[in-house]
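Enquirer: Everything in the sequence shown is counted per numbering that gives the first Met the number 0, starting at 0 for the first residue and increasing by one.
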Amino acid sequence: MVKSLQEFLYSHIPLTKDMGLELVSFNENTLTAKAPLLPNSNDKASAFGGSSSALMIISAWSLIKLCCDAHQINADIVIHENHTQWQKPLYDDLFLEANFTEKYNFKAVKHRIEKNKHFRVQCEIILVDVDANIYSTMTAKYVIIPKKEESL
0 MVKSLQEFLY SHIPLTKDMG LELVSFNENT LTAKAPLLPN SNDKASAFGG SSSALMIISA
60 WSLIKLCCDA HQINADIVIH ENHTQWQKPL YDDLFLEANF TEKYNFKAVK HRIEKNKHFR
120 VQCEIILVDV DANIYSTMTA KYVIIPKKEE SL
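#1: Return the residue from the list 123, 12, 14 and 115 that minimises the CA-CA distance to residue 80.
#2: Per DSSP, what are the beta-bridge partners of residue 94 in this structure?
#3: Run through the DSSP bridge pairs and tell me what residue 207 is partnered with.
#4: What are the residues that DSSP puts in a beta bridge with residue 136?
#5: CB-CB under 7 Å to residue 73, same chain, minus the five flanking residues each way: which ones, in chain order?
#6: Return the Cβ separation of residue 52 and residue 39 in integer angstroms, given the expectation that the two are a contact with Cβ distance under 8 Å.
#7: What number of angstroms, rounded off, separates the C-alpha of residue 36 from the C-alpha of residue 1?
#8: Ends of the beta strand (DSSP E) at residue 21?
#9: Any idea if residue 64 is buried or exposed, counting beta-carbon neighbours within 10 angstroms, 16 or more meaning buried?
#10: Using DSSP with H/G/I as helix, E/B as strand and the rest coil, what is residue 9?
#11: Can you round the beta-carbon distance between residue 29 and residue 96 to whole angstroms, since I take them to be within the 8 Å contact cut?
#12: Using the Cα positions of residue 104 and residue 111, report the straight-line distance between them to the nearest angstrom.
#13: One question on the structure: do residue 137 and residue 83 come within less than 8 Å of each other, judged by their Cβ atoms?
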């Protein structure tokens, strides 16, 4: 599942390949990912805020996508809003952990989507170094939306 989503990201969001994003592991509540510093660095040789923000957003999106896929939920996932706090510069590779802020029942989510209703989820994402020191945190809200039928 993780490998096929990785390939999907690389082909549909080419920036993820350029950033070196690698999805590492997934369970029902958590997705871990990593990316090298070099393609995500700024003029100060630290992690660029724009890159780290994008990586955090994509990590949480990937967590939700994998949960939807696991429950055969045919839906689009879009970010609604996010809030990021950068605590200190990161001068090493980026490690990300995306978690749901509460336990979601994806069977209930599937039921809502099948009734053509949307569902909101919230995630917390942390950006850490290899030793798990926290450099940045993000809270992000996403909306799971029923896919629209394509016109003929």
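No residue lacks a Cβ here, since even glycine has one placed at the ideal position from N, Cα and C.
Expert: Checking against the coordinates, here is how it stands:
#1: Numbered from 1 along the sequence shown, position 81 holds the residue referred to as residue 80. When each option's Cα is compared against that of residue 80, the closest is 123.
#2: Taking the first residue of the sequence shown as 1, we reach residue 94 at position 95. BP columns for residue 94 point to 33 and 127.
#3: Any question about residue 207 goes unanswered here, given that the chain covers just 0 to 151.
#4: By one-based count along the sequence shown, residue 136 stands at place 137. DSSP output for residue 136 lists 84 and 125 as bridge partner(s).
#5: Looking up residue 73 in the sequence shown gives position 74. Cβ neighbours of residue 73 beyond the five flanking positions: 146.
#6: Within the sequence shown, numbered from 1, the residue matching residue 52 stands at position 53. Within the sequence shown, numbered from 1, the residue matching residue 39 stands at position 40. That pair is no contact at about 10 Å.
#7: Taking the sequence shown and counting its residues from 1, the one referred to as residue 36 is at position 37. Taking the sequence shown and counting its residues from 1, the one referred to as residue 1 is at position 2. Cα to Cα, the separation comes out at about 22 Å.
#8: Reading the sequence shown from its first residue, position 22 is the one you call residue 21. 21 to 25 is the extent of the beta strand (DSSP E) around residue 21.
#9: Within the sequence shown, the letter at position 65 stands for residue 64. Buried, since its Cβ has 16 or more Cβ neighbours within 10 Å.
#10: Numbered from its first residue, the sequence shown carries residue 9 at position 10. Looking at residue 9 - three-state DSSP - the assignment turns out to be helix.
#11: If you number the sequence shown from 1, residue 29 lands on position 30. If you number the sequence shown from 1, residue 96 lands on position 97. About 6 Å separates the two Cβ atoms, so the contact holds.
#12: As a working mapping, residue 104 is identified with position 105 in the sequence shown. As a working mapping, residue 111 is identified with position 112 in the sequence shown. Looking at the two C-alpha atoms, the distance is approximately 11 Å.
#13: The residue given as residue 137 occupies position 138 in the sequence shown. The residue given as residue 83 occupies position 84 in the sequence shown. Yes; because the gap between Cβ atoms is below 8 Å, this pair is in contact.
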